[in-house]
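Enquirer: Every letter in the sequence shown is one number past the one before it in our numbering, and letter 235, counting from 1, is 246.
After the structure tokens below, expect a handful of questions from me.
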Amino acid sequence: MSLIDKYIKGIRFLLPAPFTIAILITLFTLVLAFVWPESSVNRDLNSLEKTIFILKAWNKGLWDVKGLAFAIQMMLMLLLGHVLAISKPIDKAINKLLPLCRSNAKSAFIVTFLTLLLSWFNWGLGLVFGAIFCKKIIDYASQFSISINAGLIGAAGYSGLMIWHGGISGSSLVKISELGHLTDLAPETVKNRVPDLIDFSNTVFSPMNLVVTCILIVVLPTIMYYLGKKTKVMVPKTVSKPKEDKEKTNLIGIEILDHSKFFGWFIGIIMLLFCIFLAVSHPATRSFQFINPNYINFTLLAMALVFHQSLIAFIKACEKAVTGTVGILIQFPLYFGIMGVVSEIGIISDLAWYFQNISNELSYPIFTFFSAGLVNFLVPSGGGQWYIQGPLIIQSTIEMGVSLEKSIMAMAYGDQLTNMMQPFWALPLLGITGLKAKDIIPFTLILMVVGFMVFSFALIIF
Numbered sequence: 012m013s014l015i016d017k018y019i020k021g022i023r024f025l026l027p028a029p030f031t032i033a034i035l036i037t038l039f040t041l042v043l044a045f046v047w048p049e050s051s052v053n054r055d056l057n058s059l060e061k062t063i064f065i066l067k068a069w070n071k072g073l074w075d076v077k078g079l080a081f082a083i084q085m086m087l088m089l090l091l092g093h094v095l096a097i098s099k100p101i102d103k104a105i106n107k108l109l110p111l112c113r114s115n116a117k118s119a120f121i122v123t124f125l126t127l128l129l130s131w132f133n134w135g136l137g138l139v140f141g142a143i144f145c146k147k148i149i150d151y152a153s154q155f156s157i158s159i160n161a162g163l164i165g166a167a168g169y170s171g172l173m174i175w176h177g178g179i180s181g182s183s184l185v186k187i188s189e190l191g192h193l194t195d196l197a198p199e200t201v202k203n204r205v206p207d208l209i210d211f212s213n214t215v216f217s218p219m220n221l222v223v224t225c226i227l228i229v230v231l232p233t234i235m236y237y238l239g240k241k242t243k244v245m246v247p248k249t250v251s252k253p254k255e256d257k258e259k260t261n262l263i264g265i266e267i268l269d270h271s272k273f274f275g276w277f278i279g280i281i282m283l284l285f286c287i288f289l290a291v292s293h294p295a296t297r298s299f300q301f302i303n304p305n306y307i308n309f310t311l312l313a314m315a316l317v318f319h320q321s322l323i324a325f326i327k328a329c330e331k332a333v334t335g336t337v338g339i340l341i342q343f344p345l346y347f348g349i350m351g352v353v354s355e356i357g358i359i360s361d362l363a364w365y366f367q368n369i370s371n372e373l374s375y376p377i378f379t380f381f382s383a384g385l386v387n388f389l390v391p392s393g394g395g396q397w398y399i400q401g402p403l404i405i406q407s408t409i410e411m412g413v414s415l416e417k418s419i420m421a422m423a424y425g426d427q428l429t430n431m432m433q434p435f436w437a438l439p440l441l442g443i444t445g446l447k448a449k450d451i452i453p454f455t456l457i458l459m460v461v462g463f464m465v466f467s468f469a470l471i472i473f
């Protein structure tokens, strides 16, 4: 058995399904809250009262209205990005690119480059685009007897998860750009000291992140091109093509409106124009303060309508894409419940005090980067991870005088780095392409090593 096979077997043996992990973390948190030595609750209440208090805190966090709103925002961001990726214009664009992919190295370079660009814009769009592009290249290579390494191309299609959290749809970054979110998430002791928001000019478009993003967009495709020259290749087996949906022809009455390509397209154009108006009319346009989760989702909705044209085509695409949002829908409330418990009991404050004692202004962002990479194995959702690590980061940075923006970016970098080792978000790609995790992980691990060097260097230099 190869080292990669052993690694995959180990992952399967040690890590259950993400929902099971969320349940186990919840149970661990409840027990931890019960025995936490520093908590005043543990000193003042008897065992029954303590249990009831902890469960009430959990239930309160579980159904936190602002948390649930965040979950819906993230679901829509993934859903609409997926819907865009399976539209006919995207499909046609991929088909036009296929003649350029007549070698293993060129295919790996092109898929990596485009997937990175699209994932920076929207991670759902980039993930599904990469999967579809990979599938089409495999079919194209099979049809024209072109030798490729399907695992390498699959890894190229997954590479966008190395850049997404530093992009426009990064869960923590879009949320902290929303007025009042930081105050809502911050522990009580520092609520009056946190900023109202942190706009994109200090995160996504900060000098550090722009340098990191540009380096990755140049270096990662180049490395994949080199690997494409060195890896073993073969002509892939023919893969059956999915059946295309046939358009309904015998329309009656108002059904014409449902299927009208002009009507849906027109509504989308009007919405896009309004998006532009919102951007240019905002008093802080230059600092990108108009960008928040709602603005991003509104723009994605408008683009999806324009790309799919008819309303019925848009809805059918949504029906295909919605299954990918189940993880967010069912797991996020559990993470909110965990947050409710650790906040009420005072665990966040105690951990913040501990990290302040072992860190300084230089080492804290690095420490956050490492810890985020580890947490990502257990909480493979950037949004869920932000709700768990966010309060700790906020309190520690405020009390230590460390840059909050840089520390949040460090968390984002750690999260996206170990996506290359954590196969959870690769599941949609594996399902579309027919590949296995062990086919792509040898190559994604190489990308992870490169990303580690880039992220670490940036956090030390800037």
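Ideal Cβ placement from N, Cα and C applies to all residues, glycine included.
Who are the Cβ neighbours of D195 in its own chain at under 8 Å, not counting the five residues just before and after it?
Expert: Locating residue 195 in the sequence shown gives position 184, counting from the first residue. Hits under 8 Å: K77.
Enquirer: Examine the Cβ distances between the stretch 365 to 384 and the stretch 420 to 427 and report whether three or more of them are shorter than 8 Å.
Expert: In short, these stretches touch, since the Cβ pair count reaches three.
Enquirer: According to DSSP, I159 sits in a beta bridge with which residue or residues?
Expert: Residue 159 sits at position 148 when you count from the first residue of the sequence shown. The partner list for I159 (beta bridge, DSSP) reads M245.
Enquirer: Quick one: grab the DSSP three-state call for Q433.
Expert: Reading the sequence shown from its first residue, position 422 is the one you call residue 433. In the structure shown, Q433 sits in coil (DSSP, three-state: anything other than H, G, I, E or B).
Enquirer: Among the residues of its own chain, which have a CB less than 7 Å from the CB of A437, if the five just before and after it don't count?
Expert: For the purposes of this step, residue 437 is identified with residue 426 of the sequence shown, where counting begins at 1. For A437, where only same-chain residues beyond five positions count, the Cβ hits under 7 Å are Y169, A448, I451.
Enquirer: Can you list the alpha helix (DSSP H) stretches of 4 or more residues lying completely in the stretch 127 to 199, in chain order?
Expert: Correct list: 134 to 154, 161 to 169, 182 to 187, 192 to 196.
Enquirer: Which complete alpha helix (DSSP H) runs does the stretch 342 to 374 hold, if anything under 4 residues is left out?
Expert: Listed in chain order, the complete alpha helix (DSSP H) runs (minimum 4 residues) inside the stretch 342 to 374 are 358 to 369.
Enquirer: So what does DSSP say about T214, is it helix, strand or coil?
Expert: Along the sequence shown, read from residue 1 onward, the residue named residue 214 stands at position 203. Coil, per DSSP.
Enquirer: The alpha helix (DSSP H) spanning F309 covers which residue range?
Expert: Residue mapping note: residue 309 aligns to position 298 of the sequence shown, counting from 1. Here the alpha helix (DSSP H) through F309 covers 304 to 319.
Enquirer: Please report how far the alpha carbon of F468 lies from the alpha carbon of G393, in whole angstroms.
Expert: In the sequence shown, residue 468 corresponds to position 457, counting from 1. In the sequence shown, residue 393 corresponds to position 382, counting from 1. Answer to the nearest angstrom: the Cα atoms are 22 Å apart.
Enquirer: Between the Cα of Q396 and those of T408, I409, E410, G348, spot the shortest distance and give me the residue it belongs to.
Expert: On the sequence shown, residue 396 is found 385 positions in, with the first residue counted as 1. The candidate whose alpha carbon is nearest that of Q396 is G348.
Enquirer: How long is the line joining the alpha carbons of P27 and F277, rounded to whole angstroms?
Expert: As a working note, residue 27 is residue 16 in the sequence shown. As a working note, residue 277 is residue 266 in the sequence shown. Computed Cα separation, rounded: 46 Å.
Enquirer: Confirm, please, whether the CB-CB distance from G442 to F30 is below 9 Å.
Expert: Residue numbering aside, residue 30 sits at position 19 when the sequence shown is read from its first letter. Residue numbering aside, residue 442 sits at position 431 when the sequence shown is read from its first letter. Contact: no.
Enquirer: For V317, collect the residues of the same chain with a Cβ closer than 7 Å to its Cβ; drop the 5 residues on either side in sequence, then sort them by chain order.
Expert: Position 306 of the sequence shown, counted from the start, is the residue given in the question as residue 317. Excluding positions up to five away in sequence, the list reads W276, G279, I280, L283.
Enquirer: Considering only their Cβ atoms, is the gap separating I174 from S118 smaller than 9 Å?
Expert: Translated into positions along the sequence shown, residue 118 becomes position 107. Translated into positions along the sequence shown, residue 174 becomes position 163. Cβ atoms of S118 and I174: not closer than 9 Å.
Enquirer: When you compare only the Cα positions, how much space is there between I369 and P198?
Expert: The residue labelled residue 369 in the question sits at position 358 within the sequence shown. The residue labelled residue 198 in the question sits at position 187 within the sequence shown. The alpha-carbon atoms of I369 and P198 are separated by roughly 20 Å.
Enquirer: Could you say if the stretch 83 to 99 and the stretch 200 to 218 meet the contact criterion of at least three C-beta pairs nearer than 8 Å?
Expert: No, the stretch 83 to 99 is not in contact with the stretch 200 to 218.
Enquirer: What is the DSSP secondary structure of Q427, counted as helix, strand or coil?
Expert: In the sequence shown, residue 427 corresponds to position 416, counting from 1. Helix.
Enquirer: Is it buried or exposed for I464, if we count other Cβ within 10 angstroms and need 16 for buried?
Expert: Counting from 1 along the sequence shown, the entry for residue 464 is found at position 453. Correcting the residue identity first, residue 464 is Met in this sequence and not Ile. It counts as exposed.
Enquirer: Indicate whether I105 and F132 have their beta-carbon atoms separated by less than 9 Å.
Expert: By one-based count along the sequence shown, residue 105 stands at place 94. By one-based count along the sequence shown, residue 132 stands at place 121. Not a contact, by the Cβ cut-off of 9 Å.
Enquirer: Pull up the CB-CB distance for G351 and A68, whole angstroms please, since I reckon it's below 8 Å.
Expert: Your numbering for residue 351 matches position 340 in the sequence shown. Your numbering for residue 68 matches position 57 in the sequence shown. Indeed, because the Cβ distance is near 5 Å, the residues count as touching under 8 Å.
Enquirer: Mind reading off the beta-carbon distance from I121 to L128? Whole number of angstroms is fine, and I expect it under 8 Å.
Expert: Residue 121 sits at position 110 when you count from the first residue of the sequence shown. Residue 128 sits at position 117 when you count from the first residue of the sequence shown. Between L128 and I121 the Cβ distance is about 11 Å, and since that is not below 8 Å, they are no contact.
Enquirer: Closest to I267 by CA distance: which of A324, A152, V46 is it?
Expert: Residue 267 sits at position 256 when you count from the first residue of the sequence shown. The residue with the shortest Cα to Cα distance from I267 is A324.
Enquirer: Applying the criterion that 16 or more other CB atoms from any shown protein chain within 10 Å of the CB defines a buried residue, is C225 buried or exposed?
Expert: Numbered from its first residue, the sequence shown carries residue 225 at position 214. C225 is exposed by the Cβ-count criterion.
Enquirer: I believe F388 touches T429 by the beta-carbon criterion, under 8 Å. Please report the beta-carbon distance rounded to the nearest angstrom.
Expert: As a first step, residue 388 is located in the sequence shown; it is residue number 377 there, counting from the start. As a first step, residue 429 is located in the sequence shown; it is residue number 418 there, counting from the start. Contact holds; Cβ gap of about 6 Å.
Enquirer: To the nearest angstrom, report how far apart L136 and V94 are at their CA atoms.
Expert: Taking the sequence shown and counting its residues from 1, one reaches residue 136 at position 125. Taking the sequence shown and counting its residues from 1, one reaches residue 94 at position 83. Looking at the two C-alpha atoms, the distance is approximately 8 Å.
Enquirer: What is the DSSP secondary structure of Q300, reduced to helix, strand or coil?
Expert: Position 289 of the sequence shown, counting from 1, holds the residue named residue 300. Coil at Q300, not helix or strand.
Enquirer: Could you tell me whether the Cβ atoms of F454 and A167 are closer together than 9 Å?
Expert: In the sequence shown, the residue the question calls residue 454 occupies position 443. In the sequence shown, the residue the question calls residue 167 occupies position 156. Yes, the Cβ-Cβ distance between F454 and A167 is below 9 Å.
Enquirer: Our contact map puts V215 next to G178 with C-beta atoms below 8 Å; I'd like the distance itself, whole angstroms only.
Expert: Taking the sequence shown and counting its residues from 1, the one referred to as residue 215 is at position 204. Taking the sequence shown and counting its residues from 1, the one referred to as residue 178 is at position 167. Right, the Cβ-Cβ distance comes to about 7 Å (below 8 Å), so this counts as a contact.
Enquirer: Reducing DSSP to helix, strand and coil, say where W74 ends up.
Expert: Against the sequence shown, residue 74 aligns to sequence position 63. Three-state result, W74: coil.
Enquirer: Are there 16 or more other CB atoms within 10 angstroms of the CB of K147, so buried, or fewer, so exposed?
Expert: The sequence position of residue 147 within the sequence shown is 136, counting from 1. Buried, by the Cβ-count rule.
Enquirer: Rounded to whole angstroms, what's the CA-CA distance from F24 to P434? Just pull it up for me.
Expert: Locating residue 24 in the sequence shown gives position 13, where the first residue counts as 1. Locating residue 434 in the sequence shown gives position 423, where the first residue counts as 1. When rounded, the distance between both Cα atoms is 14 Å.
Enquirer: Can you give the Cα-Cα distance for G412 and K327, rounded to whole angstroms?
Expert: The residue you call residue 412 lines up with position 401 of the sequence shown. The residue you call residue 327 lines up with position 316 of the sequence shown. For G412 and K327, the distance between alpha carbons rounds to 50 Å.
Enquirer: Is it right to say S360 is buried, meaning 16 or more other beta carbons lie within 10 angstroms of its own, or is it exposed?
Expert: The count along the sequence shown starts at 1 and reaches residue 360 at position 349. Buried.
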